[in-house]
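Chemist:
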Amino acid sequence: MKRGLLLVVLGLALLLGIRHMDSRGWIPMDKARLPYLQQVSGDRAIIAWRTALRFTGKPRIEWSLVGDSTEASEVLNVAFGETVPSQYGLDNLDHHVVLSGLPHRAEIRYQASNGPLPVGSGQFRTAPADHHEGPLRIWALGDSGTGGPVQYEVRDSMVEFLAETPLDLMVHVGDMAYSRGRDGEFTARFFRPYRDLLSSIACWPAPGNHEMKSSTSMDEAGPYFEAYLLPTEGQCGGVASGTEAYYSFNYGPVHFISLDSSGDAIDPTGPMMNWLEMDLSQTDSTWIIAFFHHPPYSLGSHSSNNFKDSEGRLVKMREVAVPILEAGGVDLVLAGHSHIYERSGLIQGVHGYGDTEDHAVPATDVLRSDGKIIRWEGDTYWTEDGGGTVYAVVGHGGGHVKKGGDHPVMVVSQDVFGSALITIESDRLMMENVRSDGEVTDRIIIDRSAELPGK
Ligand SMILES: [Fe+2]
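Under my numbering, the first residue of the sequence shown is numbered 11, with each subsequent residue one higher.
#1: What's the C-alpha gap between Pro-306 and Asp-104?
#2: Assign Tyr-234 to one of three DSSP states: helix, strand, or coil.
#3: Are Trp-214 and Leu-177 closer than 7 Å when you measure CB to CB?
#4: Using the Cβ count rule (16 or more neighbours within 10 Å means buried), how would you classify Met-282?
#5: Buried or exposed: which applies to Gln-48, given that a residue is buried once 16 or more other Cβ atoms fall within 10 Å of its Cβ?
#6: Just checking my contact of Ala-237 with Leu-269 at CB under 8 Å: how many whole Å lie between their CB atoms?
#7: At a cut-off of 6 Å, is Asn-284 close to ligand 1 when judged by its beta-carbon and the heavy atoms of the ligand?
#8: Pop quiz: Ile-118 and Leu-146 are said to be a contact at Cβ under 8 Å. What is the actual Cβ separation, rounded to whole angstroms?
#9: To the nearest angstrom, report how far apart Tyr-261 and Asp-452 are at their CA atoms.
#10: My guess is that Ala-116 and Val-50 are in contact by the Cβ rule of under 8 Å, so how many angstroms apart are they, rounded?
#11: If you drop the 5 nearest sequence neighbours on each side, which residues of the same chain put their C-beta closer than 6 Å to that of Val-160?
#12: Can you list, in chain order, the residues of its chain with a C-beta nearer than 8 Å to that of Gly-273? Leave out the 5 residues immediately preceding and following it.
#13: Does DSSP classify Asp-368 as helix, strand or coil?
#14: From Ile-350 to Trp-297, what does the alpha carbon distance come to, in whole angstroms?
#15: Per DSSP, what kind of secondary structure is Leu-112 in: helix, strand or coil?
#16: In this structure, does DSSP put Ala-300 in helix, strand or coil?
#17: Just the Cα atoms here: how many angstroms apart are Gly-310 and Ser-154?
#18: Quick one, which of Leu-286, Leu-44, Cys-246, Ser-167 has its alpha-carbon nearest Gly-339's?
#19: Contact defined as beta carbons within less than 8 Å: I believe Gly-405 pairs with Ser-348. What is the distance between those atoms, to the nearest angstrom?
#20: DSSP beta-bridge partners for Ser-314?
#21: Would you list the one or two residues that DSSP bridges to Arg-60?
#22: Got a sec? Which residues, its chain only, sit under 6 Å from Glu-163 by beta carbon, not counting five neighbours each side?
#23: When the Cα atoms are used, what is the spatial distance from Val-264 to Ser-210?
#24: Do Val-422 and Leu-342 have their C-beta atoms closer together than 7 Å?
#25: Excluding the five sequence neighbours on either side, which residues of its own chain have a C-beta within less than 7 Å of the C-beta of Gly-252, listed in chain order?
#26: Could you round the C-beta distance between His-312 and Ala-345 to whole angstroms and report it? I think they count as a contact, below 8 Å.
#27: What I want to know is whether the C-beta of Asn-219 ends up closer than 6 Å to one or more non-hydrogen atoms of ligand 1.
#28: Go through its chain and collect everything with a Cβ distance to Glu-449's Cβ below 7 Å, but skip five positions before and after it.
#29: Say the cut is 6 Å; is the CB of His-182 nearer than that to a heavy atom of ligand 1?
#30: Run through DSSP, which three-state label would Arg-54 get?
#31: Beta carbon of His-114, beta carbon of Ala-58: below 7 Å?
#32: Keeping to the same chain, check which residues put their C-beta closer than 6 Å to that of Trp-36; ignore five residues upstream and five downstream.
#33: Fully enclosed by the region 207-231, which beta strand (DSSP E) runs are 3 residues long or longer?
#34: Helix or strand or just coil, what does DSSP make of Arg-135?
#35: In angstroms, rounded to a whole number, what distance separates the CA positions of Val-371 and Ile-455?
#36: If contacts are defined as beta-carbon pairs under 8 Å, then Val-108 and Ile-56 qualify, I think. What distance do you get, rounded to the angstrom?
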């Protein structure tokens, strides 16, 4: 009898889905997206989350400023977005709330609930002012969404490397939900592995080709566009793009640009390139970082010298986007797709197939044709504003790494797993490659101090 009773109880528990529940209430954990941040920029932030449809409770947010006696309600404006049934993750509801009027660099603690049931809590730091001198820390990650152990190793290596040092934001250069960017793949291979981080920093994405197997840029439909709430109207700084497929935003003294290399044709006279030129012409940020999926320079698991590779998207990004990025004074370009870590020196004007000599990395002072001087010594490049761009491929976040050769402009090429940490402090930008075992295997510094050393 006892055994029979136990089986009945176990059967009922399975039927009700209890094995997926946790202490946060009746949320099936294999479907939930715990509170995650979006659009942390300027004086605003968005908190978003997903619950099961049977949660009919009204979404609620409680918040407080940590270490400040000011009543949060006097400082913040709060506007609930429409709660919408997920079109792709059936039986789920997506909620979000927009906080604005936030003070710079404040710690905000929050608790999201539906009706009386708590969903999740978190704490984040609001964005710094434009003139903030830093340091700012940016986690750059790509091609991570396998759900396999390497994805978790790369995550843990960065968390351990940072120790108690706080991150400011995360940039994902695409392929975050293999193999087709489906709703369940986003939940299991993006939201679940990074849920602790996503509750305290915003992830700013660029769409990968795998996401675009289930989403379309033209009508901004699919799980990618449902997962993210991205600025289309210039609400985070920059020129309004009118689409979530590509956009820009400011974070303190840094202007970020996310391009869509995976969606529609990469057209030199199309709306994305027109917007890019306009956006770059209007920014006055100290630093500019652009990111997208298909790398202009790479010989990893993909080749930027092969027009047939990935429908020619790598070649097109080099021929079409790179001249605009260079003219606009972009300092750092991050891409993925090619499963490898590669990094150039400060270069300019390499728009061909990388087999010419115009890309040579200067070993001594070089007076460029544009009159800018670059000085290079060890891992540090000294340059004037707009004097060259560093290109990095960070597609080594989880998918099998592969080296196809040494690309002439990529002075570093490592077929290792890992991700990159970018630290910006005043006139100095440093990027470090943190291998999945925690070792730093590459470091580059762009120093724009007014005086070139030794001059
Ligand atoms: Fe890719």
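Cβ atoms here follow ideal geometry from the backbone N, Cα and C, with glycine treated the same way. What you are looking at is a predicted structure, and each value in this text was computed from that prediction instead of being measured.
Modeler: On the basis of the coordinates in this document:
#1: 36 Å
#2: helix
#3: No, the pair does not count as a contact, with Cβ atoms beyond the cut-off.
#4: buried
#5: Buried: at least 16 other Cβ atoms inside 10 Å.
#6: Cβ-Cβ separation between Ala-237 and Leu-269: approximately 18 Å, too far for a contact (criterion under 8 Å).
#7: no
#8: Not a contact, Cβ separation roughly 18 Å.
#9: C-alpha separation (whole angstroms): 25 Å.
#10: Not really, about 11 Å apart at Cβ, beyond 8 Å.
#11: Gly-408, Phe-427
#12: Pro-217, Met-222, Thr-226, Ser-227, Met-228, Ala-255
#13: In this prediction, Asp-368 scores a pLDDT of 49, lower than 50, which makes its location untrustworthy; the coordinate-derived value is nonetheless stated afterwards. Coil.
#14: About 25 Å.
#15: coil
#16: Note: Ala-300 maps to strand in three-state DSSP.
#17: 16 Å
#18: Cα-wise, what sits closest to Gly-339 is Leu-286.
#19: 5 Å
#20: Bridge partners of Ser-314: none, in fact.
#21: Arg-43, Asp-104
#22: Ser-446
#23: Cα to Cα, Val-264 sits roughly 19 Å from Ser-210.
#24: Cβ atoms of Val-422 and Leu-342: not closer than 7 Å.
#25: Thr-242
#26: That belief does not hold up - the Cβ atoms of His-312 and Ala-345 are roughly 10 Å apart, past 8 Å.
#27: yes
#28: Only residues of its own chain outside the window of five on either side were considered, and among them none has a CB closer than 7 Å to the CB of Glu-449.
#29: no
#30: Strand, per DSSP.
#31: No.
#32: Because Trp-36 carries a pLDDT of 47, less than 50, the predicted location of this residue cannot be relied on, and the following value inherits that uncertainty. So no residue of the chain qualifies.
#33: The beta strand (DSSP E) runs of length 3 or more contained entirely in the region 207-231 are, from start to end of the chain, 212-215.
#34: strand
#35: Annotation note: pLDDT 43 at Val-371 (below 50); position unreliable, coordinate value reported separately. In a straight line, the C-alpha of Val-371 is about 15 Å away from that of Ile-455.
#36: 5 Å
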